[in-house]
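Number 943 marks the last residue of the sequence shown (our numbering); no jumps.
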Amino acid sequence: MYEYHQSLIFAPDFANTPISSERPHFAYVPRDNSLQPAVTIITPYYNTGKVFLETAQSVLQQSLQQWEWLIINDGSDDPIALEVLNLFRGKDPRIRVIDLPFNQGPPAARNRGIQEARSDLLFFLDSDDLIEPTALEKMAWFLNSFSEFGFCKGFTVNFGAQRYLGCIGFSAGDLFLEQNPVNICVMIRRNIALSIEGFDETLIEGLEDWDFWLRCADKGFWGYTIPEYLDWYRRRSSHSDRWKAWTKEGIRRTIKEFRRRYPRLYKEGIPRITPRPLQPYESIPEEIPFTNLLAKNKPRILMIIPWMAMGGADKFNLDLIVQLQKRGYEVSIATTLPGNYQWYKEFAALTPDIFILPHFLRIIDYPRFLHYLIRSRQVDIVFISNSEIGYKLLPYLRSRCPEVTFVDFCHMEEEYWNNGGYPRLSIGYQELLDLNIVSSNHLKDWMVHRGATPEQIEVCYTNIDPEEFAPNQDLRSKGRIKWGISPEVPVILYAGRLCDQKQPKVFARVMRELKSRGLNFRCLVAGDGEYKKWLSRYLWRHRLKKHVRLLGAVSNKEMRELLAISDIFFLPSKMEGISLAIYEAMAMGVVPVSADVGGQRELVTPECGILIKRSGENEEVKAYADALEKLIRSPELRKSMGEEARRRVSNFFHIDQMGERMDELLKRAQELHRSSPKPLPGKGLGLEHAVQVIEYERLAQASRSLWKYTKIEAMLWRLFGFISPWVMRLKKAVYLSLRPVQKAKDMVWIAGHHFKAFILSRRVQRQ
177 MYEYHQSLIF APDFANTPIS SERPHFAYVP RDNSLQPAVT IITPYYNTGK VFLETAQSVL
237 QQSLQQWEWL IINDGSDDPI ALEVLNLFRG KDPRIRVIDL PFNQGPPAAR NRGIQEARSD
297 LLFFLDSDDL IEPTALEKMA WFLNSFSEFG FCKGFTVNFG AQRYLGCIGF SAGDLFLEQN
357 PVNICVMIRR NIALSIEGFD ETLIEGLEDW DFWLRCADKG FWGYTIPEYL DWYRRRSSHS
417 DRWKAWTKEG IRRTIKEFRR RYPRLYKEGI PRITPRPLQP YESIPEEIPF TNLLAKNKPR
477 ILMIIPWMAM GGADKFNLDL IVQLQKRGYE VSIATTLPGN YQWYKEFAAL TPDIFILPHF
537 LRIIDYPRFL HYLIRSRQVD IVFISNSEIG YKLLPYLRSR CPEVTFVDFC HMEEEYWNNG
597 GYPRLSIGYQ ELLDLNIVSS NHLKDWMVHR GATPEQIEVC YTNIDPEEFA PNQDLRSKGR
657 IKWGISPEVP VILYAGRLCD QKQPKVFARV MRELKSRGLN FRCLVAGDGE YKKWLSRYLW
717 RHRLKKHVRL LGAVSNKEMR ELLAISDIFF LPSKMEGISL AIYEAMAMGV VPVSADVGGQ
777 RELVTPECGI LIKRSGENEE VKAYADALEK LIRSPELRKS MGEEARRRVS NFFHIDQMGE
837 RMDELLKRAQ ELHRSSPKPL PGKGLGLEHA VQVIEYERLA QASRSLWKYT KIEAMLWRLF
897 GFISPWVMRL KKAVYLSLRP VQKAKDMVWI AGHHFKAFIL SRRVQRQ
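So, in structure tokens, the structure goes:
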């Protein structure tokens, strides 16, 4: 299980609620309303009124459609509220309105729902709150994956009269003994709710949910918070006007009562639940807990990618989703790695059907969840890109989903990682893929040289939108004023992840060389990564801060602004496919200076840019410095090459051409799947392969943990080796400094001893 502390990355816009018309759409419609519900939603309703329609809309548009909704009418007497409630009587066979004879309060209403529920999982939802489209599906899968936990929820967006983000959850543990940091939007196992006898119906003035969590804890049950914002809690300016227990005095009395009710909790603390570790060669569960069959009226694609990181690969994924949606596809996304989700919001703006598997699943449940997702959405095409486990689960998925077309997309070979990187995996699993798609002819040739079948590999350039990335004089002027750069000063932009692949050390040395040649320039660095601290120290040490500015990670919009003020785009990479950043730079009329690697020569010609062949570091630094100096000293050359760069991209590498080409290739892959189907792995072989994949991942995680521990241990030993001589010197210095003090103490002790002896001798003489 992976914990995250990047809650702001997933934070939504307060104005863009789950029911906003600005949200992306996905057709979440059940194929069959009569299926046994996977989840029972329980909502107390008392004179709520028209705002309940918003809550209902957020329920009806859930990705998990296999639910029942129990609306407990708690004695409502307001005519408008009753009119709204009547809209849902008989509206949907999955919705039941249950009328209580008189107002009894939320605890009693929820308890009635617990008794009436037909499913094993319950979700508590108040009648004015909202939930994200995938909330129920993720929580239900979490509880099916992690049997150790009794209940779960997500982070909370507080909206309405007060706006703030709630990212404190059940992991806060003992904090629950002093306050209630979560709301009622929680999914819980029904047997647990029954075992603690539900909610305390005497707590009608509020805080009954707080008591509920402590009752669970007292019985040894506890929950988990999925690190995504899954519910929206409507805030009043003050809740104490309706719930008397919400006053300071009410909370003080409540805590006093809790101490009386749950003395063991206040003595021993909240239970600490630890997920069970994977066992060697553990059997993979295959049972799908619910089918959630969705209807469809458009072709559907499932993209399996590693994460949503700032960079060319994920910018292409974003562009591809837009192009596919233009051509009538609905897109689902499953990501397979924890960590880098800087561009989550960009993806969420295009499709709601996003599943970050490490957030809510044990890795052993990835195979069956992907199988479930394909079946639930009636996926036509599975599109794998840069996901190692996505490739490795192909035998399992092909054996279970023989009617689905599988394709992949590779950007570049990586000789320094896994003997070729993802293209090596693409070659190895070619027999299970209906079509291989690559970003350049260079990469196709590389794969064929490695043994791939050339007829099964097609090229689709990533391309760029020259209308979105177009020279903008207004942006250029404002940007230069913003960054304090004169109009005549040439600006170099270095953009990308600050990692070994982008050679930040070469970049830094080139900047130092340009400065030493007396050139007047400014350089902006857009990106983040493991070399950022090193680069910052290097710039400070060599007094380059005036010439080079580090900006950190930037959004797509900010990237356009930076390109608008730039004249030269510098990217001295070790390896690339065809850098998407170079497409963007050329579209903006910015001259690229980059490495002659991968398929870059297919895009960058001598008329519009400069490519430098790989060599030794010293040789590369000199070659790059010479090329940049030539451009810095010649505004006319920069202008002519920039115009040619934009003309080339606009004519031959337009984003719409990529969309048309990809649509053509996906249809060809489907035709190949029908006309020349690949041999299917047996189900037993597929399952065993999945077991081996998960075991590999278990050992990889263990080795990473050991490596991390070993590095820490080595660092401590180096630190100890460095400081131990100084410690010995310090001890010696302290000893020497204390010697006079010790001598004085010794003299006092001796004098005292002699004095005692003198007194004793006098006593003897008297006797």
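All C-beta atoms in this analysis are idealised placements derived from N, C-alpha and C, irrespective of residue type, glycine included.
All figures in this text were calculated on a predicted structure; none of them were measured in a lab.
Item	Value
CB of Pro571 within 7 Å of CB of Ala763, strictly	no
Backbone secondary structure at His830 - three-state DSSP	strand
Backbone CA spacing between Ala293 and Asp376 [nearest angstrom]	18 Å
Beta-carbon contacts of Leu454 that lie in its chain and below 8 Å, excluding the five residues immediately before and after	Arg538, Ile539, Ile540, Ile870, Arg874
With 16 other Cβ atoms within 10 Å as the buried cut-off, status of Arg452	exposed
Cut-off 8 Å between Cβ atoms - residues of its own chain near Glu179, not counting five sequence neighbours on either side	Its pLDDT being 40, under 50, Glu179 is placed unreliably by the model, and the measurement read from it follows with that caveat. Ser347, Pro403.
Spatially closest choice to Leu601 from Arg576, Cys577, Gly627, Ile557, by CA coordinates	Gly627
For Leu494 and Tyr517, the rounded distance between their alpha carbons	13 Å
Beta-carbon proximity of Phe327 to Trp408, cut-off 7 Å	no
Cβ pair Phe300, Val362 closer than 7 Å	yes
Sufficient close CB pairs (3 or more, under 8 Å) joining the region 829–841 to the region 482–499	yes
Separation of Lys443 from His181, as counted between CA atoms	Residue placement at His181 is flagged as unreliable, the pLDDT there being 45, under the threshold of 50; a coordinate-derived value is accordingly withheld.
Option in Pro768, Arg844, Asn794 with minimal Cα separation from Leu807	Pro768
Residue from Leu609, Leu608, Pro599 with nearest C-alpha to Asp621	Pro599
Proximity of Ile560 and Asp584 at Cβ, strictly below 7 Å	yes
For Thr581 and Phe746, the rounded distance between their alpha carbons	39 Å
Glu812 versus Arg574: straight-line alpha-carbon distance, rounded	57 Å
Secondary structure of Phe375, DSSP reduced to three states	coil
Extent of the continuous beta strand (DSSP E) run through Gly728	724–728
Where Tyr759 falls: helix, strand or coil (DSSP)	helix
Stretch pair the region 188–207 + the region 308–317: three plus CB contacts closer than 8 Å	yes
Exposed unless 16 or more other CB atoms sit within 10 angstroms - verdict on Gln606	buried
Cα-Cα separation between Phe388 and Gly374, rounded to whole angstroms	7 Å
Three-state secondary structure assigned by DSSP to Ala702	strand
Start and end residues, alpha helix (DSSP H) containing Ala311	311–321
Inter-residue CB distance, Glu244 and Arg270 (contact presumed, cutoff 8 Å)	5 Å
Anticipated Cβ contact below 8 Å, Ala147 with Ile446, distance rounded	With the chain represented from 177 up to 943, any question about residue 147 goes unanswered, as that position is not in the structure.
8 Å CB neighbourhood of Cys675 in its chain, flanking five on each side removed	Gly705, Glu706, Tyr707
Arg822, buried or exposed, once every other Cβ within 10 Å from all chains shown has been counted against 16	buried
Counted within 10 angstroms of its Cβ, other Cβ atoms place Trp386 as buried (16 or more) or exposed	buried
Segment contact, 8 Å Cβ cut-off, at least three pairs: the region 688–705 with the region 776–787	no
N- and C-terminal bounds of the beta strand (DSSP E) containing Met363	363–365
Local conformation of Glu244 per DSSP, three classes	strand
Close-in-space but distant-in-sequence residues of the same chain around Glu820 (CB under 7 Å, 5 per side omitted)	Glu783, Cys784
Counted within 10 angstroms of its Cβ, other Cβ atoms place Trp317 as buried (16 or more) or exposed	buried
Separation of Glu506 from Arg476, as counted between CA atoms	5 Å
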